[in-house]
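*Asks:*
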Ligand code: C5P
C-alpha cells in the first residue's frame with residue numbers, strides 16, 4: 483500500500499565508556515565514547531502538510547521552534563533549499579528529558595530520516611549526519627545506532643560490530659541534570675583521561691565482545707556528577723549489589739544503568755530498589771543493533787517496515 487505517513491522510531495542510548503580528553507577552542511570537549519543504543523523508544527509520526535508543526539505529548543517539553551525535532555526540520559529544509567517546508571509531526575515521548583539518554587538528539591535524527599522520506603529527498607545517511615551534527619553532538623550516532631565509537635565532540639562516528647544482546651536496567655531519578663552545567667563543573671577538575679588514552683575504547687569493545695568483561699565500563703563525567711548528586715552513587719552501588727556486571731552514569735546523567743550477564747534483577751529486587759529510591763523509575767531494557775528506523779504507516783494502521 484502506498485502511503486505518505488511514516489513513524490520514526492527513535493531509540494535511547496547509553497555510554498558504555500566516556501573519556502573526556504580536554505576542552506576545545508570551540509568550547510566543546512574532545513571526547514572518546516562507546517555509544518550503545520537501547521530498546522527504549524520515542525515515536526515521531528510525520529505526515530505531509532502545508533505548514534511545519536509539532537505536537538509533543540510531554541507538557542514539560544517545548545513543541546515550538548526550539549524543540550530539537552523542529553530545529554532538525556528547519557535545518558534539513560534549509561540544507562536542500564526548500565522555501566516553505568511542510569509536515570505535521572507528533573512526538574510521543576518515552577525517553578525522559580535531561581536523563582543522559584540522548585532522547586532529544588534521537589528525536590532530531592528521527593525527524594531528519596523521516597522527513598527525508600516524506601519530502602522524497604533521497605538523502606544519504608552521511609548527508610543527514612552532517613546536518614545532524616550542527617544540531618547536537620549525539621545526533622549522528624542515532625542515524626547509525628547499534629554500537630559505535632564516537633570521537634571529536636562525539637559527532638565523529640565509527641560504527642562497530644554488534645555486541646551480543648545484553649540486559650540493561652535503567653534507573654531514572656525524578657530529576658534531570660543539565661549537560662552544560664556538568665561540563666562547566668568539569669572545568670574545575672580539568673581533563674580526566676590523558677590525550678592518547680583513547681585506545682581503551684576499542685580495547686573495551688574487544689573485552690566486551692570476546693571476553694564478556696565489563697571491567698572497562700566507565701564515565702569520566704562521574705567525577706562531577708556523583709559529587710554533585712550523591713544519590714546517583716548510592717544507586718550505582720545498589721545496582722552492583724543486585725549482580726550488575728557493571729553500572730555507570732549515562733552521559734552527563736541523570737540516568738544510572740546496570741549491565742547484566744543474563745537476567746536483570748527480579749521484580750522483588752526492583753520493588754525493593756524503588757522503596758529505597760523513592761520517585762525513581764526503573765526501566766528494564768536491552769541493547770539493540772540499530773539506530774532510528776523509519777516505517778511507513780498505512781491508513782488502516784498497518785505498518786510496512788522499510789528500514
Ligand atoms: O551538542 P549538545 O547540544 O548535545 O551539547 C550540550 C552541551 O554539552 C554543549 O553546549 C556543551 O556545553 C556540552 N558539551 C561539551 N562537549 C561535548 C558535548 C557537549 O562541552 N563533546
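Numbering (my numbering), first residue to last: 483 to 789. By construction, the Cβ of each residue, glycine as well, lies at the ideal position given by its N, Cα and C atoms. These figures come from a predicted structure and were not determined experimentally.
Buried or exposed: where does residue 734 fall if 16 or more other Cβ atoms within 10 Å of its Cβ makes it buried?
*Replies:* As a working note, residue 734 is residue 252 in the chain shown. The residue is buried, with at least 16 neighbouring Cβ atoms inside 10 Å.
*Asks:* Look at the alpha carbon of residue 524 and the alpha carbon of residue 554, and state the distance between them as a whole number of angstroms.
*Replies:* By one-based count along the chain shown, residue 524 stands at place 42. By one-based count along the chain shown, residue 554 stands at place 72. When rounded, the distance between both Cα atoms is 16 Å.
*Asks:* Looking at the structure shown, is residue 571 part of a helix, part of a strand, or coil, going by DSSP?
*Replies:* Within the chain shown, the letter at position 89 stands for residue 571. Strand.
*Asks:* Is it buried or exposed, residue 637, if we count other Cβ atoms within 10 angstroms and call 16 or more buried?
*Replies:* Here residue 637 is taken as the residue at index 155 of the chain shown, counted from 1. With 16 or more other Cβ atoms within 10 Å, it is buried.
*Asks:* How big is the Cα-Cα spacing for residue 707 and residue 757?
*Replies:* As a first step, residue 707 is located in the chain shown; it is residue number 225 there, counting from the start. As a first step, residue 757 is located in the chain shown; it is residue number 275 there, counting from the start. Roughly 23 Å between the two C-alpha positions.
*Asks:* Need the endpoints of the beta strand (DSSP E) that residue 577 sits in, please.
*Replies:* By 1-based counting over the chain shown, the position of residue 577 is 95. Here residue 577 belongs to no beta strand (DSSP E), and DSSP marks it neither H nor E.
*Asks:* Could you tell me the distance, in whole angstroms, from the CA atom of residue 535 to the CA atom of residue 565?
*Replies:* In the chain shown, counting from the first residue as 1, residue 535 sits at position 53. In the chain shown, counting from the first residue as 1, residue 565 sits at position 83. Going from the Cα of residue 535 to the Cα of residue 565 covers about 15 Å.
*Asks:* Is the CB of residue 713 under 9 Å away from at least one CB in chain B?
*Replies:* Reference to chain B is not applicable here, since this structure consists of a single protein chain.
*Asks:* Quick check: the segment 642-654 against the segment 663-670, are there 3 or more CB pairs under 8 Å?
*Replies:* Touching, no, given that fewer than three Cβ pairs across the two stretches are closer than 8 Å.
*Asks:* Helix, strand or coil for residue 490? Go by DSSP, reduced to three states.
*Replies:* Counting from one through the chain shown, the residue named residue 490 turns up at place 8. Reduced to three states, the DSSP call for residue 490 is strand.
*Asks:* Where residue 606 and residue 775 are concerned, what is the direct C-alpha to C-alpha distance, given to the nearest angstrom?
*Replies:* On the chain shown, position 124 is the one that residue 606 refers to. On the chain shown, position 293 is the one that residue 775 refers to. Between residue 606 and residue 775, the C-alpha separation is close to 14 Å.
*Asks:* State the Cα-Cα distance for the pair residue 490 and residue 598, rounded to the nearest angstrom.
*Replies:* If you number the chain shown from 1, residue 490 lands on position 8. If you number the chain shown from 1, residue 598 lands on position 116. Those two C-alpha atoms are separated by around 11 Å.
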